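K.L.:
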Amino acid sequence: MPRTVSVSSFRSWTTRAASWLHSDVAGTDVAAVGYLPRVTDSIIVGERRLDLARGDITTERVDAIANAANEALRGGGGVDGAIHRAAGPGLLAELQRRYPNGTPTGTAVATDAYDLPARWVLHAVGPVWNGGDHAEPELLAAAYGSCLSLADELGARSVAFPAISMGIYGYPPPDGARVAVQTVAAVLRGETGVKIVRFILFSEETYELFADALAEVD
498 MPRTVSVSSF
508 RSWTTRAASW
518 LHSDVAGTDV
528 AAVGYLPRVT
538 DSIIVGERRL
548 DLARGDITTE
558 RVDAIANAAN
568 EALRGGGGVD
578 GAIHRAAGPG
588 LLAELQRRYP
598 NGTPTGTAVA
608 TDAYDLPARW
618 VLHAVGPVWN
628 GGDHAEPELL
638 AAAYGSCLSL
648 ADELGARSVA
658 FPAISMGIYG
668 YPPPDGARVA
678 VQTVAAVLRG
688 ETGVKIVRFI
698 LFSEETYELF
708 ADALAEVD
């Protein structure tokens with residue numbers, strides 16, 4: 498189950514930071530800066546922050562973005578395709594070189610982010626919905642959790658997620674939103690270096706489902 502990464506295998510963050518940091522926050526801790534005005538719902542979990550926003554995850558200026566990948570890790574439609582297009586061909590080349598056999602459902606692997614404004618891409622494989630009797634909730638939670646474990650290992654302080662498995666994989670949106678928010682909140686309550694997690698959601702309907710799930714967090 499691939500998840501161990503060597504931080505030295507990635508390009509230096511300092512060589513690209515200036516290309517995307519706003520001048521008024523350059524040199525500061527990214528996790529401490531709330532410079533994205535699209536955030537419209539936010540809660541504090543322990544000493545960390547969980548945000549919701551509508552937008553395009555490929556433009557998120559965070560340390561790491563999560564990709565809703567498939568087991569083959571070769572790109573696809575939806576968010577996966579959008580991230581590959583925005584990152585450029587180097588992303589697929591790295592996946593082919595480092596993960597020739599892909600990664601199982603419920604796991605995640607990390608790559609450089611190439612032409613994206615993030616530092617890393619965390620490729621998470623969520624489950625295809627098959628009625629709910631094939632460990633789909635556990636696998637979806639594991640996909641989110643694997644991303645955050647990788648982020649912690651890499652030293653990422655801020656992570657942006659799409660709604661994993663809730664598109665062509667057919668996961669029921671209300672349940673998918675609840676699993677996503679509850680899993681991330683549980684990680685933020687524990688021992689992690691991640692300070693901000695932001696869900697970037699495309700549609701108003703999906704946003705409202707995540708807002709409902711966020712309201713259930715204690």
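Using our numbering, read the sequence shown as starting at 498 and increasing by one per residue. The beta-carbon is built from N, C-alpha and C at its ideal position, and this holds for glycine as well. Computed from a predicted model, the values in this text were never measured in an experiment.
Considering just the uninterrupted stretch of the beta strand (DSSP E) at residue 539, what are its terminal residues?
P.N.:
Here the question's residue 539 lines up with position 42 in the sequence shown. Its beta strand (DSSP E) spans residues 536-542.
K.L.:
Give a yes or no on contact between the region 550-564 and the region 572-586, applying the rule of three or more CB pairs nearer than 8 Å.
P.N.:
yes
K.L.:
Restricting to Cα atoms, I'd like to know which of 652, 647 and 628 is closest to residue 667.
P.N.:
Reading the sequence shown from its first residue, position 170 is the one you call residue 667. Comparing Cα positions, the closest option is 628.
K.L.:
Going straight from the alpha carbon of residue 707 to that of residue 549, what length do you get?
P.N.:
By 1-based counting over the sequence shown, the position of residue 707 is 210. By 1-based counting over the sequence shown, the position of residue 549 is 52. The alpha-carbon atoms of residue 707 and residue 549 are separated by roughly 8 Å.
K.L.:
Whose C-alpha, out of 687, 691, 657 and 670, is nearest the C-alpha of residue 564?
P.N.:
Counting from one through the sequence shown, the residue named residue 564 turns up at place 67. Ranking the options by Cα distance to residue 564, first place goes to 657.
K.L.:
Would residue 567 be called buried (16 or more neighbouring beta carbons within 10 Å of its own) or exposed?
P.N.:
Sequence index remark: in the sequence shown, residue 567 carries index 70 (1-based). It is buried - the Cβ of residue 567 has at least 16 other Cβ atoms within 10 Å.
K.L.:
Using only the alpha-carbon positions, how far apart do residue 662 and residue 589 sit?
P.N.:
Taking the sequence shown and counting its residues from 1, one reaches residue 662 at position 165. Taking the sequence shown and counting its residues from 1, one reaches residue 589 at position 92. The straight-line gap from Cα to Cα measures roughly 21 Å.
K.L.:
Does the region 691-699 come into contact with the region 594-602, if we say contact requires no fewer than three beta-carbon pairs (one atom in each stretch) closer than 8 Å?
P.N.:
no
K.L.:
Do residue 685 and residue 542 have their CB atoms nearer than 8 Å?
P.N.:
Indexing the sequence shown from 1 puts residue 685 at position 188. Indexing the sequence shown from 1 puts residue 542 at position 45. Yes, the Cβ-Cβ distance between residue 685 and residue 542 is below 8 Å.
K.L.:
Buried or exposed for residue 523, going by 16 or more other Cβ atoms inside 10 Å?
P.N.:
Position 26 of the sequence shown holds residue 523. Any reading at residue 523 must be qualified, since the residue scores a pLDDT of 29, below 50, and its modelled position is unreliable; the value itself is stated next. It counts as exposed.
K.L.:
For residue 582, which of helix, strand or coil comes out of DSSP?
P.N.:
Along the sequence shown, one-based indexing puts residue 582 at 85. Note: residue 582 maps to helix in three-state DSSP.
K.L.:
For residue 624, which of 544, 677 and 614 has the nearest alpha-carbon?
P.N.:
For the purposes of this step, residue 624 is taken as the residue at position 127 of the sequence shown. The shortest Cα separation from residue 624 among 544, 677 and 614 belongs to 677.
K.L.:
Could you tell me whether the Cβ atoms of residue 695 and residue 536 are closer together than 8 Å?
P.N.:
What you label residue 695 is simply residue 198 of the sequence shown in a count that begins at 1. What you label residue 536 is simply residue 39 of the sequence shown in a count that begins at 1. Going by C-beta atoms, residue 695 is nearer than 8 Å to residue 536.
K.L.:
Taking 7 Å as the limit between beta carbons, can you name the residues of its chain near residue 671, skipping five residues before and five after?
P.N.:
Position 174 of the sequence shown, counted from the first residue, corresponds to residue 671. Only 706 meet the Cβ criterion.
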